[in-house]
Structures are given as C-alpha cells and as structure tokens.
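Notes follow once the structure below has been shown.
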Amino acid sequence: MEKFGKSQAMKRSEDVRFLTGHGRYVDDIAPEGALHAYMFRSPVAHAVIGTLDVSAAREAEGVALVLTVDDLLAAGMDVRMAATVVPNRDGTQGADPERPVLARGRLRHVGEPVALIVAETMQQAKDAAELIELDYDELPAHVELCAGGETIHAEAPDNRAFDWGMGDEAATEEAFARAARVVRLEVGDNRVIVNAMEGRGCFAEWDGSRIHLAFNGQGVWDMKGELAQAMGLDEADVRITNPDVGGGFGMKAASYPEYFCVAQAARVLGRPVRWYSERTEGMLSDHAGRDLVTMAELAFDEGHRILGYRIHTICNLGAYNSGFGQPIQTLLFAKVLTGTYDIPTAWMRVEGIYTNTTQVDAYRGAGRPEAIYVIERVMDRAARDLGIDPIELRKINFVKEFPYTTVTGETYDVGDFPRVLDHAIADADVAGFAARRAASEAEGKLRGLGLCFYIESILGDPSEGVKVEFTEDGGARIYVGTQSNGQGHETVFAKFLSDHTGIPFDKIVFVQGDSDLIAQGGGTGGSRSVTTQANVTLTAVAAMVEGFSAFLAEEMGVEPGEVRFDDERFRAEGSNLTPTMLETAALAREKGREDLLTWSVRDKIQARSYPNGAHFAEIEIDRETGVAEVVKYTVVDDFGNLINPMLAEGQVHGGVAQGLGQALCEQTVFDEDGQLLSATFMDYALPRAYDMPWIKFDVEPVPSTGNPMGMKGCGEAGTVGALAAVSNAVQDALWPLGIRQVDMPFTPMRLWSLLGGAKQA
Ligand code: SMO
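So the working numbering is basically just the index in the sequence shown, starting at one, shifted up by 493.
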C-alpha cells in the first residue's frame, strides 16, 4: 500500500459543483415554505433597557412570531450561552458573566440580538422590526483597550475579565537581571472582521418531537449538546446538520444566538424557519479576530543567546467571554509562546478586557498567529538593536535538539529549523536583495525584506470518527466527523480511503455534517482535520482488512492468518481467489454477513504535530503615496508528509492572503460611542486578488511522530507566517529613515503620514 496515498496532486472533485453554482449552502436547501426570521439588534453599544415593546410588531402583517428573552425564559429555555473561565494569577477565577441568547436588561454592543421576528416574507419581518419600541438609558461606551470605564458586567467592575499568567515569573526576573542586553517592543495586533465569503445562516424544523437545525458551521457536535441543553431536549432529539459551507476560519465554529432562537421559533410554530445574515449584520455580529496589544521583552547574553522572554498582553474580548475559553487569544498562544527558539525561561501575563464591542473569538490560528507575531517582531527588533543579521540571530537561538520541551510544557517531537530556513533563503534569493533594494531606490521607492519563522501546535480534539459503508450498488460511502468549509475534504478523504483500500475513487460517496449519520466527530478547526481524519480512516481500514480476512479465510479454506491484503487485493497461498475490497463486500452481502458491510470507528492520534516554516516577504513602499506593495513572497514549510501537496499549497495561499489582509489593509474602526464605522466593504478593505503577490512555495518535510502518516496540520500556517513577515519587511524598509515603530495595518494613510513626518524631521 506504500506506493499509494502520498503526495498526489489530485484536483478537487467538488470544485466543478462550487464553480458552476451547484454548491448546496444552507440557504439553498431551506425547506419549501419556511418562514423568514430577522434579528432586531441593539442600535447602541451600552445601555440599560427600560421597556421592550414588541406588541405592534406581533400584530404586523405576515408576522407569525416575535421572540424576546422573556419569551425564551417563559418557555423554560436556558438562555445562558456556554463559556468557560480561566484562573487568575491570584488564584481566583476569571469573571463569568452571562451571555444571554437575547438581550436581558442590558445592551452591551451594537448589533447584539434583542428580538427575533418571524414572518411569511423577509420584507414583512423587516417592516415589523420597525414597529419594535425599545426604550433604554444609554451609558457611556467602553471601547478603549484598558481596564476601567463604565462597568459592563457587575462580575467585572473594572472591565477586567481575567489576569492570568504562565511560566516562571521569578526565574524570568532573574534572567533579565543578569542579561547583557534587553530588547523591548510593544506590538499591536489589530482587530479583523472575518468576512467569510458566505455569511452565517441556518434553518430549523420541528416534527413534533425532534428538532433539526441546519447551519453553516465547522462541525455539528458542539451545537448538538448546546441546543439540547438550551431547549431542554434529549440529545437524541436533536439533529444538527452542516451542508456546504463557504468559509469558516474559526468564526463559524462558535454557537450563535440566532441558531437557538430560530430553533425555538420552529418548535413554537411547528413550521420551518430560516435566517440568513446580511453583510453589515455579519460585520456587527460575527465574532471578530485578534485585537490585542503586547509589551514584549527579550533578555540576551553577550553571545546573543536568549536568556529569558517576558510578555504582558492585553486582549480585547469584546462584550462577552468566548465559548471556547475565556482567554481565546492567548490560550494556544501559550503553546508556541517561545516560537522556534531555545529559551530557558519565560513569563507571560495576560489581561482580558471587556469592551462594548462585538465579541472577539477564534480566527484562523486562534492564538498561534498572535504568539508568533510577537516573538518574530521582537526577534527582528532585537537583531537591529544588537546590530546582528536577523537570520543569524534566529539561527543562533533555534532549537536544535529534539524532542524539545518548551518552558510552557510543549514537546516539539521533531524539526530541522536551520534546514527549512536555508531552503527559504535560497528560494527567496536573499543574497540578491541588496541589488533589488538599490533598484527600488533608484525609482524612488523604499524596499524591505522581512522574515518570519513560525511554528504551530496542532490538535484541537485528538479524536475523530469515521464510518465506511459498503452500499448495494457496489460502491462505498465514507462518513467523516470533520467538516469541510471549502478546503477540499470531499476529495482528500475519499481519495485517502481509495488509496488505502483500492476502492476506485469514483465509487466512493463522501458524506459529512449530519449528527444522525455518525455517532461523533470533531469538525474542522485548529488545522486538525487531515491528521485526525486520516488516522481514524487508517484504523477503519485496518479493521476492515482484519474482518474481511477472517471472512475470506473460510471462503478460501485457509487459516485466517494466511490471508493478506496486498496491492488492492486479498490473497492467500494456495488459493486462486484474489478479491478486491468491493468484491469481498459483495460476497459478504451475498452470504448474509451484514456485519461486514458497515465499519464505524472512533480513534485518536497520540500527539500534537508542529508544522513550521519560513516566510520571506519583500515589500516596496511608494514614498509619494504611502502604498506598500508585496513584490516578492517566499514560503518554505515543514508540513511533514503531505497527502495532497497541491491542496496544501492552496491552503497556504489562502492563509497568506488572510495574513496580508490584516497586515496591509483590514482596519476595524469603532467610534467613541461604540458604533462600528467600518461596517461595509466601502469602509472595510479586504484584500483583492490584485493585492496578492505571486507566492513561491516549497516544502522541506520532517515527518511528525505524532500520527501514523507523519503529517503536520497545514490549514492555518499561511496566516501565522504572513503577519510578521510583512511587518518585518515594512519595518526594514522604514528603518533607514529612523522610523522605529509602526503597527498593522500598513495602510497608505498610515505610511504616508509616517513618511511625511520623517521628511520634516
Ligand atoms: S481559528 Mo480555527 O477554526 O481553530
């Protein structure tokens, strides 16, 4: 089987469907005759609700139902959304205020759901929303990223949700005390609005005893438990489905208020109900990403070796705690705190701050881009301050012996950072940079080269489920527990099964996203899918081979141990029978062995994997306009073994695009009243194809020991590397002008202003 299954650049079979408008997204499959739901949202960032009068809306034409939090409570629903807290440094717990499904007494951000209106048509629902009378006493909005200000939750009077830490504070102090040099840098990580191509949406139907909620998520399993809890149903009476999904990026992994309300509306009305977010509505209510600021310090000895690392991070949580974990921006941050460097001691302190803004949550990388951004910016700054080449400084401090356990307790199993970096140095033609810079300068442009050497720590849920079913038509179905959001799972996992069983690819039907069809799974997130799903598929294949071998031994008249599966066929010495997997399944069906036709397996991989790599960005800045253009971009990744290098490269391209967007143009702006000023694509600049450079991509694999295929997750890596690579390139371009600090996004306005200032100086 070794000759199959690795490194095949098979094109995505689902793309024909997607590109010709035949994708089946949640809004395409809402039941005929479903009522339309519209969410009435808070118009202000902070207020105490006086009265909420929905009586006129209830009487409006076409309106079937209006739900407020009182209606949900009266129906016995649990309106508190799931959240977890972190222990504070002083041993107390982080604040644990309620996030209600619909506003309860207070309004805490613009766009917060207040009442759901359900009507025959969307226009009628929207018209009825105009009739809702919401009286409130407005409070000052707290939008600055600092403690203090008007209290948002009684549980956190100074708006500080938590103050946690990790590492060894005293040992780090001591390291700094004996350092030859200390380098400091404040690093801002701007808030981004995720803007998945497909907005959030759902529909729900109630058959009198069971609820079916379809939504465009990153998996069905968390929502199943949460909806059962909220609605007071047995989990067996909850079916959750995810159809085709047009991009999630962490944002769609959360459970959102609309889903609970729409499900309840369907139950109350006994009719299907649908809801779909509009773009501005999504910008106000989809969980945002990043939004933190870090003071970072590195202590060095005389030989430029790092003695200690210390950070103090302040995170904007928005108005509520994340459902994944209160310190969402720094939870996985801690796992790669020290990056690829051998740092003997480190300390991180993190404060979480509530503000009257949309909630911040997981976004492509969920903490790891944030951590790598900080360490790679401060490493670059350190090289400048110490007067040493940034590549050299990294090489001096790289972890070189594996396995290596970091100060935060992660064990990097394998890696070869110098080899990966050298490959990237060659691919990026670093040696030719000085000449390219001179050429740019001759045209009056500034040119900079920036490096980011990242590492990730991959694994959300280590366990995954799969079911393989042999069907009467002579083919097979694979049911996966992961969930494609557009990454190509349909191709990858069907092909993987095909390669390991010899079942022809076109005889395999791929099924995902239905909690009724397989018992459990983990969904997509944290770059976990390929490692976990491939692993459990191998486990299922092993079970099938064993089961079929025992069955065939009888048919062949040999001992069970004598049957082997080899080169797509079962064989045994002394038998002319050499059936394929599909032929064996057909034979089993003929003999009434139904037990051999369905294989359900749940298995977990043993350890995390640590993808790593080097990104080199080269940018040119036009002094007259302040426009920064990425003119050259090089990536060399260690993703371990790849099962489809083409799709992995596609993941990197998309990831880099998201990183460049954050670095160059995406700017989320709230005014002092907490109104989102960048709430349309007129004001919020997403990168376009035109903004993307050509990316030179290659791999330098060091197979992981954490999973049987030796793979390392690749879904988020592009974003992790891009932020610091571009930022360090911009810093490199501006350094000769004496500009020492500039934060993302590097918009023309920001750079032009800085360059104007530099000219006058
Ligand atoms: S930010 Mo992701 O879906 O782990």
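Glycine included, C-beta positions come from ideal geometry on N, C-alpha and C.
Query, Result
"So, helix, strand or coil for residue 1211, using DSSP?", "helix"
"So residue 889 is in the alpha helix (DSSP H); what residue range does that whole segment cover?", "883–890"
"Is the number of C-beta pairs between the segment 1017–1030 and the segment 749–756 that are closer than 8 Å three or more?", "no"
"Given a cut-off of 8 Å, decide if residue 1169 and residue 603 are closer than it, judged by their beta-carbon atoms.", "yes"
"Do residue 1141 and residue 1019 have their C-beta atoms within less than 8 Å of each other?", "no"
"Could you check if residue 697 is buried or exposed, using at least 16 other CB atoms within 10 Å of its CB as the buried criterion?", "buried"
"For the candidate residues 846, 944 and 1216, whose alpha-carbon lies nearest to that of residue 883?", "944"
"If you reduce the DSSP assignment to three classes, tell me which class residue 918 lands in.", "helix"
"What residue from 627, 633 and 515 has the CA that sits closest to residue 1167's CA?", "633"
"I'd like the span of the alpha helix (DSSP H) that includes residue 1138, first residue to last.", "1138–1153"
"The beta strand (DSSP E) with residue 602 in it runs from where to where?", "Here residue 602 belongs to no beta strand (DSSP E), and DSSP marks it neither H nor E."
"According to DSSP, is residue 532 helix, strand or coil?", "strand"
"The alpha helix (DSSP H) with residue 1190 in it runs from where to where?", "That residue, residue 1190, is in no alpha helix (DSSP H); its beta strand (DSSP E) goes 1188–1192."
"Going by beta-carbon coordinates alone, are residue 618 and residue 607 separated by less than 8 Å?", "no"
"Go ahead and label residue 1066 buried or exposed: buried means 16 or more other beta carbons lie within 10 angstroms of its beta carbon, across all protein chains shown.", "exposed"
"Mind listing, in chain order, the continuous alpha helix (DSSP H) runs of no fewer than 4 residues lying wholly within the segment 594–636?", "615–622"
"Measuring CA to CA, which of 947, 1075, 1044 and 920 is closest to residue 995?", "1075"
"Can you name, in chain order, every residue of its own chain whose Cβ lies under 8 Å from the Cβ of residue 975, other than the five neighbours on each side?", "712, 957, 982, 986, 1005, 1014, 1015, 1016, 1017, 1021, 1022, 1025 and 1026"
"Residue 533 and residue 622 - do their beta-carbons sit closer together than 8 Å?", "yes"
"Considering only the beta carbon of each residue, do residue 901 and residue 791 sit closer than 8 Å?", "no"
"State the Cα-Cα distance for the pair residue 809 and residue 959, rounded to the nearest angstrom.", "38 Å"
"Out of 1208, 1184 and 1180, state which residue places its alpha-carbon closest to the alpha-carbon of residue 1144.", "1208"
"What residues are listed by DSSP as bridge partners for residue 801?", "792"
"Look up residue 502 in the DSSP assignment and say whether it is helix, strand or coil.", "coil"
"Can you give me the C-alpha to C-alpha distance between residue 1182 and residue 933, rounded to a whole angstrom?", "23 Å"
"Any idea what DSSP makes of residue 1177, helix, strand or coil?", "coil"
"Across which residues does DSSP place residue 808 in a beta bridge pair?", "785 and 845"
"Going by the beta-carbon positions, is the gap between residue 583 and residue 916 smaller than 8 Å?", "no"
"Less than 8 Å between the CB atoms is what I'm expecting for residue 806 and residue 843, so what's the real figure, rounded?", "5 Å"
"For residue 794 versus residue 927, is the C-beta spacing smaller than 8 Å?", "no"
"Taking 7 Å as the cut-off, is the CB of residue 856 close to at least one heavy atom of the ligand SMO?", "yes"
"Let's test the definition: count the other Cβ atoms within 10 Å of the Cβ of residue 1088 and tell me whether it reaches 16, buried, or not, exposed.", "exposed"
"Counting only runs of 3+ residues fully inside the segment 742–784, write out the beta strand (DSSP E) ranges in chain order.", "766–769"
"Based on the DSSP secondary-structure assignment, which residues constitute the bridge partners of residue 1115?", "938"
"Going by DSSP in three states, residue 1225 sits in which element: helix, strand or coil?", "helix"
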